[in-house]
Amino acid sequence: MIKKTLNFSVAAALVFIVTALVCELKEIPAVNNLNNYTRTVLADNGSMNMVSAIYLDYRMYDTIFEITVFFIAAFGVSYILSKIPSTIEKTDGEINKAELVQNGTSVNLIFLLSTIFAIYIMITGHLGPGGGFVGGVIGGTGILVLSGNKDLNQIENDFEKMRIHGIEKYVLISIPIIGLATLPFTSEALSNFLPVGTPGSLFSGGTAMILNFLIGFKVFAGTWTIFYHFVSHRGLI
Amino acid sequence: MLSSVFWLLSLISIFALFMSKDLLINILLFGLFGAFSSGAFMFMGAPDVSFASFALGAAFTTFVFLISIRKTGKLTVGYVNAPYMFEETAEGKAHGFEYEILRDFARNANLEFEFVVIDSVDDLKYHSSQFDVLAGGLFENMLPPDFTQHYYSVGVIPTRIAYDKNGTLRDLMRIKSLIVSGIQTLDFLSESVASEYILLVNKHNADLHSKIQDYLKKIKDNGNLEEYVSRNLG
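Right, dumping it as structure tokens:
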């Protein structure tokens with residue numbers, strides 16, 4: 000009875016909050032007098048996607064720490080869980096699937112499509128909605144679906160063979176380094192130093208494309224790390 | 000306007016999430032919430048947030064949860080070796096009518112399936128709480144006395160039972176296997192009486208009992224039970 004009342008009060012509170020938010024949102028100021036970014040972003044940064052311009056240029060400081068937090072989360076999961084014996088043995092001849100789907104063809108197709116989409120979203124993050132983080136998560140989901148029909152350890156071995164976990168750490172370090180590389184060119188650190196280019200063309204937005212790709216790679220590898228450890232230790236925690 | 004519709008839909012999915020008790024449905028409703036809120040963000044002019052909400056809330060989290068719930072539950076079946084019903088073939092493998100039904104039930108209910116052989120019917124009484132389900136061509140008269148106080152019995156299909164010359168109770172499938180293997184001929188039996196093969200479900204697990212009953216009713220109604228019968232029992 001108490002549990003039910005609690006559930007209902009939580010639901011009622013959620014209804015209240017969401018309703019309040021929706022009512023509040025109607026009073027958002029019109030876009031044209033938001034702030035200076037709207038007027039200067041094309042000249043400063045050259046990104047068609049203003050959100051990308053903000054988080055990869057004006058607020059790069061936040062992004063670096065966001066990526067660091069994500070790395071620490073993935074690292075913590077792999078550090079703690081690798082001390083617990085795994086439920087799937089590496090020497091086992093049997094295939095350890097995640098056992099989500101049975102149809103191999105559709106799984107491979109989903110993996111292919113999501114990888115292509117992820118790369119597209121990563122490299123066009125400065126032109127339209129998307130960006131590194133979303134691209135990385137989509138790529139990670141693709142791998143996750145693939146594990147429904149492939150041996151998990153096989154995928155992990157392939158990752159180790161491609162040295163993805165090693166590259167991941169260099170990528171993490173290279174993001175702040177790219178940020179600091181601006182110091183010789185401009186007076187400010189953590190901002191754009193490459194040519195702005197023609198807004199709307201693929202090679203525009205300065206460092207946006209490189210950073211998006213690096214962040215995407217980082218997030219992709221991190222999601223796989225978290226997922227692999229969770230699945231190989233499921234039922235134990 | 001459209002965003003309000005999406006917010007309303009995501010609210011409905013939250014409400015449904017609070018109402019439902021089924022883990023699988025809850026996960027799917029959570030994914031639905033992610034998808035609807037993503038739609039709402041899209042129509043509020045934030046496509047970046049919408050993408051992130053969809054990729055994380057609707058796709059990634061749902062998949063991770065779906066994969067992890069398979070291990071939350073385990074269906075432990077203890078079985079007596081019974082020809083055509085629940086027979087061990089090789090180490091860790093089995094086949095038979097009740098085996099297939101329980102295996103498919105476990106798959107449907109997102110449970111991991113594990114089965115352990117029990118040497119004889121008399122040993123059943125030592126396993127009063129270890130197993131979720133007991134199977135293997137069991138019928139009411141062969142069980143140890145007072146056994147049903149620990150277990151619910153669920154009828155699967157009707158059978159006939161008879162005493163043989165040594166006074167041992169035998170059921171249709173055990174008689175069939177004896178005759179097929181040429182050990183006995185039909186004339187060793189007494190008059191047969193009607194009975195029913197049952198599954199025994201642990202009384203600690205009342206939820207499982209109703210789930211198995213529902214599942215058996217479902218496959219009886221849609222005719223799948225006939226397929227199990229013709230595949231295993233002939």
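Chains as they are written, first to last, in numbering that gives the first Met the number 0: chain R, 0 to 236; chain E, 0 to 233. Even for Gly, the Cβ is constructed at its ideal location relative to N, Cα and C.
Under a Cβ-count criterion, where at least 16 other Cβ atoms within 10 Å of its own Cβ denotes burial, should residue i be classed as buried or exposed?
| i | result |
| --- | --- |
| D131(E) | buried |
| R173(E) | buried |
| E159(R) | exposed |
| H203(E) | exposed |
| S146(R) | buried |
| M0(E) | exposed |
| N48(R) | buried |
Distance, Cα to Cα, residue i vs residue j?
| i | j | result |
| --- | --- | --- |
| G138(R) | Y227(E) | 42 Å |
| P128(R) | I166(R) | 27 Å |
| D145(E) | L215(E) | 25 Å |
| I163(R) | R230(E) | 49 Å |
| D43(R) | A180(R) | 17 Å |
| F59(E) | L151(R) | 17 Å |
| I225(R) | A51(E) | 18 Å |
| A108(E) | S119(E) | 29 Å |
| G178(R) | F53(E) | 29 Å |
| I176(R) | T18(R) | 44 Å |
| A15(E) | I24(E) | 9 Å |
| L110(E) | I100(E) | 13 Å |
| S85(R) | V195(R) | 49 Å |
| K217(E) | N223(E) | 9 Å |
| F138(E) | G91(E) | 25 Å |
| L269(E) | N140(E) | Look at the range of chain E in this structure, 0 to 233, and you will see that residue 269(E) is not part of it. |
| L133(E) | A205(E) | 15 Å |
| E225(E) | D103(E) | 15 Å |
| T147(E) | G154(E) | 13 Å |
| E93(R) | I160(E) | In this prediction, E93(R) has a pLDDT of 48, which is less than 50 and means its spatial position is unreliable; what the coordinates show is noted afterwards. For E93(R) and I160(E), the distance between alpha carbons rounds to 42 Å. |
| L168(E) | P143(E) | 13 Å |
| Q153(R) | V230(R) | 14 Å |
| Y125(E) | H149(E) | 11 Å |
| S152(E) | E97(E) | 14 Å |
| E155(R) | V14(R) | 43 Å |
Spatial neighbours of residue i within its chain, please: CB distance less than 6 Å, with the 5 preceding and 5 following residues excluded, ordered by chain position.
| i | result |
| --- | --- |
| K219(E) | none |
| H228(R) | V76, S77, L80 |
| T158(E) | D170, L171, S194, Y196 |
| M43(E) | S2 |
| S51(R) | G124, H125, G130, A207 |
| N31(R) | Unreliable positioning characterises N31(R) in this predicted model, as indicated by a pLDDT of 47, which lies under 50. A coordinate reading is not provided. |
| F17(E) | none |
| G30(E) | A57, T61 |
Please name the residue in the options whose C-alpha comes closest to that of residue i.
| i | options | result |
| --- | --- | --- |
| T114(R) | I83(R), T140(R), A73(R) | T140(R) |
| W6(E) | A39(E), A34(E), F14(E) | A39(E) |
| A57(E) | V133(R), S146(R), V218(R) | V133(R) |
| P46(E) | A73(R), R58(R), T62(R), G124(R) | G124(R) |
| Q129(E) | Y78(E), S191(E), Y83(E) | Y78(E) |
| S49(E) | V63(E), F32(E), K164(E) | F32(E) |
| S200(R) | V14(R), L126(R), Y60(R) | L126(R) |
| S190(R) | S8(R), G45(R), F15(R) | G45(R) |
| V192(E) | L55(E), L177(E), Y162(E) | Y162(E) |
| I178(E) | F62(E), P82(E), M0(E) | P82(E) |
| F84(E) | N221(E), Q148(E), L198(E), I26(E) | Phe is not the amino acid found at residue 84(E); the sequence shown has Met there. With distances taken between Cα atoms, M84(E) lies closest to L198(E). |
| I172(R) | F64(R), F202(R), R58(R) | F64(R) |
| N211(R) | F15(R), F116(R), T4(R), L55(R) | L55(R) |
| F116(R) | G215(R), T197(R), W223(R) | G215(R) |
For the alpha helix (DSSP H) containing residue i, list its first residue and its last residue.
| i | result |
| --- | --- |
| I11(E) | 1-18 |
| G44(E) | G44(E) -> no alpha helix (DSSP H), and no H or E assigned at all. |
| L168(E) | That residue, L168(E), is in no alpha helix (DSSP H); its beta strand (DSSP E) goes 168-170. |
| G296(R) | Given that chain R is displayed from residue 0 to residue 236, the structure contains no residue 296(R) and the question cannot be resolved. |
| S229(E) | 223-231 |
| Y78(R) | 59-80 |
| A134(E) | Per DSSP, A134(E) belongs to no alpha helix (DSSP H); it is in the beta strand (DSSP E), 132-138. |
| A173(R) | Per the sequence presented here, residue 173(R) reads as Ser, with Ala not at that position. Where S173(R) is concerned, the enclosing alpha helix (DSSP H) stretches over 163-179. |
| I156(E) | Segment 150-162 is the beta strand (DSSP E) holding I156(E); no alpha helix (DSSP H) there. |
| F226(R) | 207-231 |
| Q129(E) | Counting along the chain, Q129(E) falls outside any alpha helix (DSSP H), and DSSP gives it neither H nor E. |
| H208(E) | 205-220 |
| N156(R) | 151-160 |
Using a Cβ-Cβ cutoff of less than 8 Å, which residues in the same chain neighbour residue i once the five nearest sequence positions on both sides are dropped?
| i | result |
| --- | --- |
| E113(E) | K73, L74, T75, V76 |
| F192(R) | A180, T181, F184, T185, G205, T206 |
| N80(E) | E86, E87, V116, G135 |
Under 7 Å Cβ to Cβ from residue i, same chain only, skipping five residues before and after it: list those, please.
| i | result |
| --- | --- |
| F35(E) | F5, L8, S9, S12 |
| L207(E) | D131, V200 |
| G221(R) | F69, F70, A73 |
| N165(E) | none |
| D91(R) | Low confidence applies here, because D91(R) scores a pLDDT of 45, under 50, leaving its location unreliable; read the following figure in that light. Within the same chain, D91(R) has no close Cβ partners at all. |
Quick check on the DSSP output: the beta strand (DSSP E) that includes residue i runs from which residue to which?
| i | result |
| --- | --- |
| Y78(E) | 73-79 |
| E111(E) | 111-117 |
| E195(E) | 192-201 |
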